[in-house]
Structures are given as structure tokens and as C-alpha cells.
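Asks:
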Amino acid sequence: MNYPDTPAHQLAARVQEKPDLLDQMPGDYAVLCSKSQNLQIFISFEPQAIFQEVSTIKQRLLAGKSLPLAGATVALGDNFCTAGLVTTCASRMLSSYEPPLTARAVDALRVQGSVIIGKANMEEFGLGSTGNSSHYGAAKNPWDPDRTAGCGAAAAAATLVSLALGTDSCGEARQAASYCGVLALKPSYGRISRRGVIEYAPSLTQPGLMARNTRDLVLALEATAGEDPGDPTSLKLLVPGYFSRVHEGRKGKGPLKVALLEDWDAVPTLETEVREAFQAQLDDLPKAGLEVEAVSLPSFQESSLAAAVISAVEAFSNLANYDGVRFGYRAEGPSLQEMYTATRTSGFSSKLKQFITFGALVSSEKYYTSYFVKSQKMRTRIARELESCLEEYDLVLTPTVPFTAPRLERPRVAWQLPDPAHFFTAAANLSGLPALTFPLLSPSGLPVGLQFIARFGDEAALLKAALLLEKKNPLQFPQPGFKDQGGCGR
Amino acid sequence: MEGLCPAGVENLYNTRGKGWVVLKLTAEEIVKAAGEGRVNLTAAEEAEVQHQSLNILALLDAVPGESLNEIPAACYGHKQPGSTRQDTREPSLPLAAVLHNAADTDDYCFHVPRIVES
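Residue numbers (the numbering used here), protein chains in the order written: chain A, 1 to 490; chain B, 1001 to 1118.
#1: Fully enclosed by the segment 348-410 of chain A, which beta strand (DSSP E) runs are 3 residues long or longer?
#2: Assign leucine 62(A) to one of two classes, buried (16 or more other C-beta atoms within 10 Å of its C-beta) or exposed (fewer than that).
#3: Quick one: is tyrosine 1108(B) near chain A, going by C-beta distance under 9 Å?
#4: Helix, strand or coil for asparagine 1014(B)? Go by DSSP, reduced to three states.
#5: When the cut-off is 9 Å and only beta carbons count, does proline 1072(B) lie next to chain A?
#6: Please list the terminal residues of the continuous beta strand (DSSP E) segment that includes threonine 73(A).
#7: Just to confirm the assignment: which complete beta strand (DSSP E) runs, minimum length 3, are found wholly within the segment 134-179 of chain A?
#8: Where do the ends of the alpha helix (DSSP H) carrying alanine 466(A) lie?
#9: Go ahead and pull the three-state DSSP assignment for glutamate 1029(B).
#10: Nearest to aspartate 263(A) by CA position, among Glu273(A), Gln10(A), Gln52(A), Ser299(A), is which residue?
#11: Count Cβ pairs between the segment 160-174 of chain A and the segment 195-208 of chain A that sit closer than 8 Å; are there 3 or more?
#12: Are the C-beta atoms of glutamate 1036(B) and some chain A residue less than 9 Å apart?
#13: With 9 Å as the threshold, decide whether the Cβ of tryptophan 264(A) is near any Cβ in chain B.
#14: DSSP on aspartate 484(A), reduced to helix/strand/coil?
#15: Please determine, among Lys119(A), Arg92(A), Ser96(A), Ser304(A), the residue with the shortest C-alpha to C-alpha distance to alanine 103(A).
#16: On a CA-only basis, which of Trp143(A), Leu436(A), Phe438(A), Val313(A) is nearest threonine 369(A)? Give me that one, please.
#17: What are the start and end residues of the beta strand (DSSP E) that includes glycine 441(A)?
#18: If you measure between the beta carbons of leucine 436(A) and leucine 463(A), is that distance less than 9 Å?
#19: Based on Cα-Cα distance, which residue from Phe45(A), Pro142(A), Cys180(A) lies nearest to serine 34(A)?
#20: Taking the alpha carbon of leucine 386(A) as the reference point, which residue from Val362(A), Ala466(A), Tyr189(A), Ser431(A) has its own alpha carbon closest?
#21: With distance defined between alpha-carbon atoms, name the residue in Gly152(A), Ala12(A), Ile57(A), Tyr189(A) nearest to glycine 181(A).
#22: Against chain B, does arginine 326(A) count as a neighbour if the rule is that its beta carbon must be under 9 Å from one of theirs?
#23: Mind checking the segment 367-390 of chain A against chain B and listing, in chain order, the residues whose C-beta falls within less than 9 Å of any C-beta there?
#24: Mind pulling the chain B residues with CB within less than 9 Å of proline 240(A)?
#25: Would you identify the three-state DSSP class for alanine 266(A), choosing helix, strand or coil?
#26: Does DSSP classify glycine 1035(B) as helix, strand or coil?
#27: So which of Gly1065(B), Val1039(B), Glu1090(B), Ala1027(B) has the shortest CA-CA distance to glutamine 1052(B)?
#28: If the cut-off is 7 Å on Cβ atoms, which residues from the segment 1039-1063 of chain B count as contacting chain A, listed in chain order?
#29: Considering only residues of the segment 196-278 of chain A, which uninterrupted beta strand (DSSP E) runs meet the minimum length of 3 residues and lie entirely inside it, listed in chain order?
#30: For proline 4(A), which residues from the same chain have a beta carbon less than 7 Å from its beta carbon, with the 5 sequence-adjacent residues on both sides left out?
#31: Report yes if the C-beta distance between alanine 149(A) and tyrosine 179(A) is below 9 Å; otherwise report no.
#32: On the premise that alanine 108(A) lies in contact with leucine 85(A), defined as a C-beta separation below 8 Å, what is that separation, rounded to the nearest angstrom?
#33: I'd like the list of long-range same chain contacts for proline 26(A), defined as Cβ closer than 7 Å, with 5 residues on each side in sequence excluded.
#34: Roughly how far, in whole angstroms, is the beta-carbon of arginine 1038(B) from the beta-carbon of tyrosine 340(A), given that I think they are within contact range, below 8 Å?
#35: Starting from glutamine 1050(B) and walking both ways along the alpha helix (DSSP H), at which residues does that stretch end?
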């Protein structure tokens, strides 16, 4: 059996029947991950930990347990806490930090039989997806190692794992999935516990799930969704059985009604590659069973602005506790105040320091009402506009990112306000609505994404749409380090 | 969205229907904000923050404020009725686990950097 290529749902069925199949996994992964080292996808990878996890799962299977994700391999963004394993957030600041607890979402995946393969590279503290702020160097895109991968989506795209977890504050998980050609789901705010997730913008950040096919995404959501008393923002809403919801018929409801953002192609940063791939898919959507109408959402274009201000102010506050006293890295200074500043100056990347400075600026009395409060009002308006649209339609449709994965050697524009990658994705974070990106290929063969946004709590509609598209667009993936091997394996 | 601003300490831009406005964002304000965030920036980083801040503040100014007068500010995107939990009493994490990353200890003391205030 070829572990990496086998979808999680098929793997679970086989392993459930023959637990001995798990024996080959630790060895296979040690080889695979060492082969893909040039892509810098993992920050930490511990074969011994994999061996122990596999042994535990095998014992549970032999004891007669039914595990829907038995043997499913997972890459965790390195801002998901794992007790006993270093959790760095791709930052020098936390380069030696071992959390005292494991994130609730990680525990939930393990309970269902998943194996954590490693901690994936990412942007420092999950801020953005350009690939230029990780303390461990940028994760490279398996489709083209000269381009950014964003985060753990690369591990799924390179068929190193079946599933990946990453955070999504202004769309980062969806952007990485769009760059790498996999699916990503940001559920409704509170649907998956945020306990044990190190975040920079608490009102926006959520765990995002990434996978290579819709059925695996459904299984991952079923495993991780649900109320968690340890997370004050966790939803008390009943979690529907996603698998049955996604597969049930529409029963007289007709096709899914989709509102297409009217001026999606008026975005200045929209690349021709994305425009052509998205337009071609639009033409095919009716054949897939989706009914599309263009709808005006005038506030949507303001979402990346509001998200930039709100997330910067939250980052300024939320990252203040990294001061050299309570966590890992510390630089010396002649006084306590100077030690704080020296620690943060050398512990954070240039990009993060600048972002924190902007957050501090907008938090000051002079700018607070004019810009921060204004952004919070814009947030309300954007959420209301989307919710109103979704009273009439099942889904809102946009491209995921206006461009393909940025080149890593691009001139060092470390950051940009607002981040152009957030243009289509930030609205779902501001409103707390669930959103999903589905992978497409551009005319030149680079991945791009198509994004759906759904009503609060209605992740099933997103997954249903993805399943319909998947039937029309069989998904394909590169091999790890394909460029060195003379082709992408498509 | 119109009106991307050129870099500069002082910036002119056109807000929709309101004529020309001058936005001043001084280098001193950037240095002060960096101090609030407890980080030191290089001169190049200060200039970049200034440039980026001017850009985004100008874009925000172009969003008509009057249209937002009746709209409440939101801290969260979606308020789900009854979704906040009651306070609950839970067992604490083991002390050793919580203090694993804390400063070094010596019997009853934590080792923290010497404070020499002038």
C-alpha cells in the first residue's frame, strides 16, 4: 500500500481491516520526509513520536475500536500546541517552547486514529502567506520550489500527508491551499475549538483544515467540530452529521444557489492566470449543478482594510506577553525594560515588528476612533451585507486569492498594508462565516483557488459544493521535489 | 478603492467628494508606536511602517464615515445567541508543566535578569 497517495478515508477502511498495514508507516515516512527536505515543509519531524503514535493506534484497533481516521497522516501548523513537542510558531521567540498542553483540535484528530507526522513550517505566528517571515526559512511550493507555499498545505499537496491543520486569521490557510492546489475549510467561528492554538488576532483566528479531497475534509471536520468547555468562544450549536448532510439530496430545493461577487474581476492585483481559470470554471458551474447569479456586495472590497487594522491592533495586544521572562528566548539588557525590548527586537521578524508597530499606532488616542473603531463598524457592515445576501443564496462565490503563489525571490517587500492576498478571504474572518477554497489549475498549470462562503453554521453547503466540483474536476498533485525529478508528475 | 498614496511624511490624497486633505504621520509617531510595542526598528523599517501606514490610513479615509454613523462597532463577526459559556471550575494543570518554560529556579527563587534602573 502506498500511504501518501491513499486518501484518508480509504486508508482508514483498509487499516481497520488489517492493522498490521500500519507497521510500514514510520519507515516509509522517514524516507519520504527526508526526500522532501529541500522544500522546508516541516519545522520538526520526529520518527520516534510517529512510531509511538502508530503503536497506540494499532493497539486500539486490535482491541476492536472503530477509528474513522485510522492511520490518517496529519501535518500540524507549528502554532498548534503539542505537549512535549516544541511549538515554535516559526519564530525565534518560541524556538525552544514546549507547551504544557495539546490543542483540542489535535487531540480530537488523535482520538479518531490520526497520526501526527510533524510540525509544518508557516509564517511567523501565522501572519500572512508570503513565506518571508519564518525563522526557519520559507516553505517552498511543491508545484514550483521558487514560489511560496504559505503553510502546511504544502505537506498535503506534496502527498506527504492526508490532512493538514493551519490557522486562518485573514485567510492564510485558504491562501496557502490556493497556492498549493488543495482544499481548505475555515469553519464558522467557534465550530472548532481554538484552545491550544497560538494566535495573533483572537477575534479572527480559527483552525483551518486542509486536505486533498472533499471526503477527507468531511472526516476531519466531523472529528474536530464540537463544543469545548475549555474555549470560551466555542459554539454550543449542535454539530450536524456532515457526511450524511453532504451526501443527502436537495429534496425539491433545486440546485445550490450561488451569488457571484459582481466585480470580482475589477481587483487591480488580479492575475490573468487566475482570471482565466476562474472564468472557465464559472462557465462549467451550471453543469456541476450550481446556479450562479452575479450580486453586488459593495462593502466586500473594504474587508482587507478592516481586517488589517483589527488584526494589527489585536496582534499588538496579544503578542505583548512574549517578553523574555515567561517564554523561551531572551536577550540581555541592562534594565528590565531594555531586556524586554532587546528580546522582542531580536526575537521577532522584521515583518512582525513592523506589524506590531502599526497596531500600536492605530491603538493610540489620535487614531483609535478614526481608524480602529471605524474598522470595527466596517466589520459589522461587511458581516450584515454577507448575511443578507446569504438569506437568498446558499453560497457566495469569489476567487480565493487574486494571484498565484508569489515568487520567493521577489524583491523583499516584507509586508503590505492591506495585504493584497486578503482581498477575497478576509470577509469570512470578519463575519465569522464558514468558507472553503477549491483548487483549480491555471492555463500554465499553476494552482489557483475558487472560494465559497456559506451561512453561519452551514459548512455542509460548502462541502456539498466542493463534492460537486470534484466530480467535474479530478484533483491532481505534484510529487515532492518534482522539479529535481524533471517533472511534476501530473 | 482609489487613491493609493505615495510614500512620504506628509501625504495628499483625495477623499471622495470632500476635497483635498492633508494626513500627517511623523517619524516621531512611528518611533513612539514602536516603543509602545517594545520593539526597536531600523531606519529602513521605520520608513516602511510610515509608508505602509500612510497607504492604509488614506484608503480608510476614503471610506465615507457618514455611512457608518448608525452602524455599531463589532468585536466579533458573529454573535451566536447563547454561545458564550458559563464560568466553570476545572482542575489546574500540573504546576511543573505550567512552569516548564518559566525562568530558571533556585530553591524558592526564580532567576530573572538583574534590573539596573538609572
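By construction, the Cβ of each residue, glycine as well, lies at the ideal position given by its N, Cα and C atoms.
Replies: In short, the structure shows the following:
#1: Whole beta strand (DSSP E) segments, 3+ residues: 395-399.
#2: Under this definition leucine 62(A) is an exposed residue.
#3: No, because no Cβ of chain A sits closer than 9 Å to the Cβ of tyrosine 1108(B).
#4: For asparagine 1014(B), the predicted model reports a pLDDT of 45, less than 50, meaning its position is unreliable; a value from the coordinates is still stated below. Here asparagine 1014(B) sits in strand by DSSP.
#5: Answer yes: the Cβ-Cβ gap between proline 1072(B) and chain A drops below 9 Å somewhere.
#6: The continuous beta strand (DSSP E) containing threonine 73(A) extends over residues 73-77.
#7: As far as the segment 134-179 of chain A is concerned, its whole beta strand (DSSP E) runs of at least 3 residues are 144-148, 163-168.
#8: Note, alanine 466(A): alpha helix (DSSP H), 459-472.
#9: Note: glutamate 1029(B) maps to helix in three-state DSSP.
#10: Out of Glu273(A), Gln10(A), Gln52(A), Ser299(A), the CA that lies nearest to the CA of aspartate 263(A) is found in Ser299(A).
#11: The segment 160-174 of chain A vs the segment 195-208 of chain A: in contact.
#12: Chain A, which has a Cβ nearer than 9 Å to the Cβ of glutamate 1036(B), makes this yes.
#13: Not closer than 9 Å to any Cβ of chain B, the Cβ of tryptophan 264(A) fails to qualify, so no.
#14: Note that aspartate 484(A) has pLDDT 46, beneath the 50 cutoff, so the model's placement of it is unreliable and no number is given.
#15: Measuring from the Cα of alanine 103(A), the nearest candidate turns out to be Lys119(A).
#16: Residue Val313(A) is the option with its Cα nearest to threonine 369(A).
#17: It is leucine, not glycine, that sits at residue 441(A) in the sequence shown. Following the DSSP letters along the chain, one finds leucine 441(A) inside the beta strand (DSSP E) bounded by residues 435-441.
#18: Their beta carbons are under 9 Å apart, which means leucine 436(A) touches leucine 463(A) by this criterion.
#19: Checked all of Phe45(A), Pro142(A), Cys180(A); the closest Cα to serine 34(A) is Phe45(A).
#20: Minimum Cα distance to leucine 386(A) is reached at Ser431(A).
#21: It is Gly152(A).
#22: So, interface residue.
#23: Residues Tyr367, Ser370, Tyr371, Phe372, Val373, Lys374, Ser375, Gln376, Lys377, Met378, Arg379, Thr380, Arg381, Ile382, Ala383, Arg384, Glu387.
#24: Per Cβ cutoff of 9 Å: no residues; proline 240(A) is ~15 Å from chain B at best.
#25: It is helical.
#26: Helix.
#27: Ranked by Cα distance from glutamine 1052(B), the first of Gly1065(B), Val1039(B), Glu1090(B), Ala1027(B) is Ala1027(B).
#28: Correct list: Val1039, Asn1040, Leu1041, Glu1045, Glu1048, Val1049, Gln1052, Ser1053, Asn1055, Ile1056, Leu1057, Leu1059, Leu1060, Val1063.
#29: The DSSP assignment places 206-211, 256-261 as complete runs of the beta strand (DSSP E) inside the segment 196-278 of chain A, in order along the chain (cut-off: 3 residues).
#30: Only Leu32, Thr159, Leu160 meet the Cβ criterion.
#31: Yes.
#32: Their Cβ separation, rounded to whole angstroms, is 17 Å, which puts leucine 85(A) and alanine 108(A) out of contact at 8 Å.
#33: Cβ-Cβ distances below 7 Å link proline 26(A) to Pro47, Ile50, Phe51, Val54 in the same chain, with the five nearest sequence neighbours on each side left out; the list follows chain order.
#34: With 8 Å as the limit, arginine 1038(B) and tyrosine 340(A) qualify as a contact, their Cβ atoms being about 5 Å apart.
#35: Per DSSP, glutamine 1050(B) belongs to the alpha helix (DSSP H) from 1043-1061.
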